[in-house]
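Just so you know, our numbering puts 61 at position 36 of the sequence shown, and the rest follows in order with no gaps. Note that the Cβ used here is the ideal one computed from N, Cα and C, for glycine as well. Notes follow the structure.
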Amino acid sequence: MKKAHDFCKSVVTLLFCSLVVFFDHHDKLKHIGHFSEPMKTRTFWSAVTLFALLTTSFGQSSFLTETRDWREKREATLKTEDGWLTVAGLFWLKEGVTTFGTAASGLDIVLPAGSA
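Right, here's the structure in full:
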């Protein structure tokens, strides 16, 4: 990951230096006639687009890392003793009296042994 970051920094630095040289020699190149006006415009906007793409890609890795960390923490929270994943069952209640417990007979809802 560090190598990719260093490479991108090098590319951005090279791009910036190229733009500085391009605009520094702009007047000299203009009267020589090496570059037409559309080519200069295309070069400039290509450089700006490349710069924007490279600078926005730096935040992607931190976003992915933060998302992965959040998911791991959320999963750990769900798996705790009082988390939502420890719910043993869902029992719909009818109107009136509902009996429940761990006894094997005479109850509307029988819970697993040791759950009470």
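In the same chain as PHE125, and ignoring 5 residues on each side of it, the C-beta atoms closer than 7 Å to its own belong to LEU132, ASP133, ILE134 and LEU136, in chain order.
As the crow flies, the alpha-carbon of GLU100 is around 12 Å from that of GLU106.
Contact between LEU103 and TRP95 does not hold, since their C-beta atoms are separated by about 12 Å, which reaches or exceeds 8 Å.
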